[in-house]
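What follows is a short report on a single structure.
There are 4 protein chains.
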Amino acid sequence: MLTEHEIEIRVRYPECDPGGFLHHSRVFVYFEMGRTELHRASGDNYRRWEDGGLYAVVVQAECRYLKPARYDDLLRLRTIVHRVTSVKIEHEYLLYRDQELLCRGRVVLALVDREGRIQPIPEEVHRGHS
Amino acid sequence: MLTEHEIEIRVRYPECDPGGFLHHSRVFVYFEMGRTELHRASGDNYRRWEDGGLYAVVVQAECRYLKPARYDDLLRLRTIVHRVTSVKIEHEYLLYRDQELLCRGRVVLALVDREGRIQPIPEEVHRGHS
Amino acid sequence: MLTEHEIEIRVRYPECDPGGFLHHSRVFVYFEMGRTELHRASGDNYRRWEDGGLYAVVVQAECRYLKPARYDDLLRLRTIVHRVTSVKIEHEYLLYRDQELLCRGRVVLALVDREGRIQPIPEEVHRGHS
Amino acid sequence: MLTEHEIEIRVRYPECDPGGFLHHSRVFVYFEMGRTELHRASGDNYRRWEDGGLYAVVVQAECRYLKPARYDDLLRLRTIVHRVTSVKIEHEYLLYRDQELLCRGRVVLALVDREGRIQPIPEEVHRGHS
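If you're matching them up, the sequences are chains A, B, C and D in order. The numbering used here numbers the first residue of the first sequence as 526 and each following residue consecutively. The numbering used here numbers the first residue of the second sequence as 526 and each following residue consecutively. The numbering used here numbers the first residue of the third sequence as 526 and each following residue consecutively. The numbering used here numbers the first residue of the fourth sequence as 526 and each following residue consecutively.
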C-alpha cells in the first residue's frame, strides 16, 4: 500500500462562503477524497470495503488554516499515511496552491463492522507502512 | 395526514455562495426538511419508514427563483401536498421572507423498497388528500 | 464560444445520503461545474466575470431523475447551450454512468451587476449559439 | 457578551452519509451555528459585523468524535467562549444527544478587514470574558 499520494482539486462555487473563501469545513471533505484516492492508487477501493462490511469512522480531525483558498483555485492535496496502530490509521494532509501551503490537517480513523464493533487494521495497510 | 405545513429556516453561512446569496441547490434541501416536518406534524416519521424498508426517491424536482435569500435571513417554508397518485406524491413549496415570496418549487416522489422496486403510496397519505 | 462540453465527475462520499445514493440536490452543483468548465473550455472564465462585476443568477432549475448514482461512481456530464435570448441563457444537462442516462436537467440563468440589475447576455455567448 | 449558549439542531438527511451517520465535516457547520446564535443571544449579530467590514476567519479547528449521530436526531450544542486574546477568540463546543456527549470540538478565530489584515478583538467580546 502506498504511503503518500497527491491529487488535484478545483474549488467549487458553493464550497465557498459569502466571505468569498473556501469554507473551513470543506477541507475535511477534500481530505477524505485524498485518502480515497490514495486507497485507489494502491489498488484497493474503499467502496469495496463498505460492500464487505468494513466502515471507516473518524475519531479525531483537525486542521490549521494558513492562507485562504478562493473559488476556482486549482489546489494540490498531498495525503500521507502518518501512523498505523493495531486499531487506528492516522493521515496527514497538506493542501497547496502552487508552492504555497494553505492548510495542514490530520485525521485519525478507526474501522468498524456493521454493528459498530472496532475491527483490526488490515494487514496490507500495515505492510505499506513500517 | 396533514396536507399543508409551515416551518422556519435560518439561512446558514456556508449555504450561501461568494455572490452572498443562498445557493440555488440548497432550496431542495429545505424542501426536504419541509416534507419531513409535515410528516412529523402528521404523527408519522420518515426515519421510521426507512427503518421499515420504505425509501422515498425523488423522480422530478424544479424551482423558480424570484428573489434571492441572504445569510442569516429567517425564512418561512410552506409545504403543500399537491397531488397523490397510486405511485407518486407531489409537493409544492413556497419559500418566503416575511410576506415576500422568494421561490416556488415542486418535487415528485416515488416510494421504493430496499431492492428499488416501486411501492404503492400508503393508504394514510391518500386519506389526508382527497 | 462552445455550445457543448463534457466533464467527468467522481461521486464523493458525503454527497450521498443514508439511502446510499447521490442526493438529488447535488446534481445542481454538478450542473454548475458543467457550465463553469464549458466556459473555461471556450477560453473564458466565470471568476473573471465576477471580478468584473457580472454575476450569473439562476432563475429556474429542474431535473428528472431516471436512475440513481452511487458513491464512487465515475459520471460523465454533458452540458449543452440550449437557448440564448437577450437576457437569458438556458443550458441542458445530461448525466451518464457509462452509456446509461441517470438524469436530465435544465437551468436558466440571467446576468446581473453588483446592484442586482439585469444585464444583457454578452455578444460572445450569442456568437457561439445561432 | 454571553460566554455560553445552547441551541438545538435537527440532523438533516443529506448531512448524513451512506454509512447512515452525520458526516464528520458537518459538525464544523454546527459549531459555526453555535457561535452565530451565541452572538445573537448576546444582542449582537455576525451579519452586521460583515456588513461593517469585519470578517471572522478560522485559523484552527478540531474535533473528537465519541459517538455517531444519525439522521433526524435532535441534538443539543453547547458553545463556550474558552479564551480571548488580543487577536484570537477560541470557542469550545459540546454536542449532545440527550445526556450523551457525541463530540467535543474547538475552533480558533481571528478577525480581518476586507483586505485581510488582522483586526483586534472588539472590546465587548473581552468584557464578557474576563
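Idealized CB from N, CA, C, for every residue including glycine.
In this structure, does DSSP put residue i in helix, strand or coil?
{"i": "residue 589 of chain B", "result": "strand"}
{"i": "residue 530 of chain A", "result": "strand"}
{"i": "residue 578 of chain C", "result": "coil"}
{"i": "residue 536 of chain A", "result": "coil"}
{"i": "residue 601 of chain D", "result": "strand"}
{"i": "residue 625 of chain C", "result": "strand"}
Between which residues of its own chain and residue i is the CB-CB distance below 8 Å, once the five residues before and five after are set aside?
{"i": "residue 543 of chain A", "result": "none"}
{"i": "residue 468 of chain C", "result": "Because chain C here runs from 526 to 655, residue 468 of chain C falls outside it and cannot be looked at."}
{"i": "residue 546 of chain D", "result": "593, 594 and 595"}
{"i": "residue 604 of chain B", "result": "529, 530, 531, 532, 556, 559, 560, 562, 563, 616, 617 and 618"}
{"i": "residue 600 of chain D", "result": "533, 534, 535, 536, 555, 594, 620, 621, 622 and 627"}
{"i": "residue 569 of chain C", "result": "526 and 649"}
{"i": "residue 610 of chain C", "result": "646"}
{"i": "residue 576 of chain B", "result": "none"}
Please work out which residues of its chain come closer than 7 Å, Cβ to Cβ, to residue i, disregarding the five sequence neighbours upstream and downstream, and give them in chain order.
{"i": "residue 637 of chain B", "result": "580, 582, 643 and 644"}
{"i": "residue 504 of chain C", "result": "A query on residue 504 of chain C cannot be resolved here, the shown segment of chain C reaching from 526 to 655 and no further."}
{"i": "residue 649 of chain A", "result": "526"}
{"i": "residue 552 of chain B", "result": "588, 620, 628 and 630"}
{"i": "residue 635 of chain A", "result": "582, 584, 612, 613 and 643"}
{"i": "residue 598 of chain D", "result": "536 and 622"}
{"i": "residue 652 of chain D", "result": "526"}
{"i": "residue 574 of chain A", "result": "none"}
{"i": "residue 624 of chain D", "result": "none"}
In terms of DSSP beta bridges, what is residue i paired with?
{"i": "residue 616 of chain C", "result": "C:606 and C:632"}
{"i": "residue 546 of chain C", "result": "C:595"}
{"i": "residue 637 of chain D", "result": "D:580 and D:643"}
Cutting at 6 Å between CB atoms, please list the residues of its own chain near residue i, excluding the five before and the five after it.
{"i": "residue 596 of chain A", "result": "536, 538 and 541"}
{"i": "residue 556 of chain A", "result": "618, 630 and 632"}
{"i": "residue 564 of chain A", "result": "571"}
{"i": "residue 615 of chain A", "result": "607, 608 and 633"}
{"i": "residue 566 of chain C", "result": "527 and 530"}
{"i": "residue 639 of chain A", "result": "578"}
Any heavy atom of the ligand GDP closer than 6 Å to the beta-carbon of residue i?
{"i": "residue 571 of chain A", "result": "What this structure holds is no ligand at all, so the ligand GDP is not there to describe."}
Taking Cβ positions only, does residue i come closer than 7 Å to chain E?
{"i": "residue 576 of chain B", "result": "The structure shown has no chain E; the protein chains it does contain are A, B, C and D."}
Kindly confirm or deny that the segment 584 to 596 of chain A and the segment 587 to 595 of chain D touch, where touching means at least three C-beta pairs closer than 8 Å. yes
At 4 residues or longer, and completely inside the segment 546 to 570 of chain D: list those alpha helix (DSSP H) runs for me, N to C. 552 to 566
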